[in-house]
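Since the structure comes first, as structure tokens, the remarks are kept for the end.
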Amino acid sequence: MPEASSPATSADAATGAVPRVLSGIQPTADSFHLGNYLGALRQWVALQDTHEAFYCVVDMHAITVEHDPAALRRRTKVAVAQLLAMGLDPERATVFVQSHVPEHAELAWVLNCLTSFGEAGRMTQFKDKSAKQGTSGTTVGLFTYPILQAADILLYSPEPGEGERVLRVPVGEDQRQHLELTRTLAQRFNNRFGETFVPPEAHIPPGAAKITDLQEPDAKMSKSASSPQGIIDVLEEPGPMRKKIMRAVTDTGTEIVYDEEKKAGITNLLRIYSALEGTPIPELEKRYAGSGYGQFKKDLAQIVVDTFTPIRERTYALLDDEAQLDKVLAHGAGRASKVAARTMEIVRDRVGFVGRGH
Ligand code: TYM
């Protein structure tokens, strides 16, 4: 898959056309975590400057596993507040909740009918989650989850004639396979029914694509799998944040060097440090040559605290004004709906659904 890291090209500037970007995040925890931030959300914020951006909180994905309705409602609002607190500007980027735009479910149905059972069964995230829950605890919704994700993305395909037809999707490494399926489905739809969708490009940040668990540095930092000690939450207070970094698992040596195989823990911390401070890893290795893990971790803890404290404070301030948050969501839903409705009109016609008449 092409790894798009280029922002808007000069050709975009020449034609006045702006490439599109779309991504989504699940409201399945009380806070986003450091992996979400470095793997995806930071890119979301940066890309709103150079792209026509659509970002959704995917509450329909969040019900593919057992959930509590009150928690989902609360987490959806907290998710939106965090996105705004990180710097998404609802005037520039379309920030919305997936279930506010029913076309997501409608397109998912059409794409379900283009996906083979075997293809869906090969998705590794499904295999991992369903293995944990057993067949009776695994819903059909979890099985078709990646197809709903494909619909999320393809609904925002730029139409022919809308300038440079590019659709970028900033995500972490764990979403690569879902993006491949989305490209396959786009191409399959186009082959059967005529040119409609742009196969999306994954935008995966080198270096921060897979932040690992602080206690299990070979496993992904994950809201569903990590222990509280292994995960840094964006909304966490500075005290616990520092403690977790100081207690992060490292190997028995003392040297601060990048070595994925032999020093997975220190390598993960180096990646986090480098991504947050914008300093290349070799420079960090030089800076900390001979100084031991303690000082390195202390400095890293300070950088993490400095990054997340203003975001935490802004998030709580935004949550204090729910009416304003609702306004932002209504505005986002309106903008997203316009694009989604137009795409579905084309899709219904292409697949042969008869128009309703007036
Ligand atoms: P979700 O909600 O699990 O995660 C949101 C984003 O965070 C990234 N991420 C990570 N990146 C680096 N290191 C980690 N440890 C880490 N953990 C999570 C994820 O890759 C993701 O980009 N299926 C998606 C949600 C989705 C979506 C979409 C994404 C639904 N529709 C359309 C893009 C486009 C998911 O579960 O993300």
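Here this note's numbering is used: the first residue of the sequence shown is 411, the next is one more, and so on.
Beta carbons: idealized from backbone N, C-alpha and C, even for Gly.
The beta carbons of L457 and R586 sit no closer together than 8 angstroms. Here DSSP, grouped into helix, strand and coil, assigns V520 to helix. As the crow flies, the alpha-carbon of Y703 is around 16 angstroms from that of K672. Beyond the five residues adjoining it in sequence on each side, H471 comes within less than 8 angstroms, by CB distance, of G434, Q436, Q508, Y555, L558, Q559 in the same chain, given in chain order. By the Cβ-count criterion, V550 is exposed, with fewer than 16 other Cβ atoms from all chains shown falling within 10 Å of its own Cβ. Straight across, the Cα-Cα distance linking S636 with D623 is about 6 angstroms. If you draw a 10 Å sphere on the C-beta of M754, you find 16 or more other C-beta atoms in it, and that means buried.
Scanning its chain for C-beta atoms nearer than 6 angstroms, with the 5 sequence neighbours on each side dropped, one finds around M656 the residues K707, in chain order. With the rule of 3 Cβ pairs closer than 8 angstroms, the region 684–696 does not count as touching the region 736–745.
In the three-state reduction of the DSSP assignment, R578 falls in the strand class, which pools E and B. Straight through space, the alpha carbons of K737 and Y465 are spaced by roughly 16 angstroms. Boundaries of the alpha helix (DSSP H) around A743: 732–761. Remark: the shortest separation between the CB of M496 and any heavy atom of the ligand TYM does not fall under 7 angstroms. Ranking D440, R760, L679 by CA distance to the CA of N601 puts R760 first. For the region 445–516, the continuous alpha helix (DSSP H) assignments of 4+ residues that do not extend past its boundaries occur at 452–457, 469–472, 479–495, in sequence order. R430 sits in a strand when the DSSP states are folded into three classes. Under the DSSP definition of a beta bridge, A612 partners with V579.
The three-state secondary structure of D643, taken from DSSP, is strand. Beta-carbon to beta-carbon, I676 and T662 are separated by about 11 angstroms, too far to satisfy the 8 angstroms threshold. One alpha carbon belongs to P580, the other to V431, and they sit about 8 angstroms apart.
Here DSSP, grouped into helix, strand and coil, assigns H588 to helix. Rounded to the nearest angstrom, the gap between the Cα atoms of E569 and F763 is 20 angstroms. Between the region 509–516 and the region 444–462 there are fewer than three inter-stretch CB-CB distances shorter than 8 angstroms, so the stretches are not counted as touching. In the DSSP assignment, D562 falls within the alpha helix (DSSP H) that extends over 550–564.
Remark: C-beta atoms of L524 and F536 do not approach each other more closely than 8 angstroms. By the criterion of a C-beta distance shorter than 8 angstroms, M631 is surrounded in its chain by H443, L444, G445, I621, T622, D623, L624, G640, I641, I642, once the five residues flanking it on both sides are discounted. Secondary structure of D709 (DSSP, three-state): helix. Segment contact: the region 710–729 against the region 492–505, three or more CB-CB distances shorter than 8 angstroms; contact assigned.
The continuous alpha helix (DSSP H) containing L679 extends over residues 674–687. In the three-state DSSP reduction, D623 falls in the coil class, being neither helix nor strand. The C-alpha of T594 lies about 10 angstroms from the C-alpha of H588.
In this structure, the C-beta of M631 approaches the ligand TYM to less than 7 angstroms from one of its heavy atoms.
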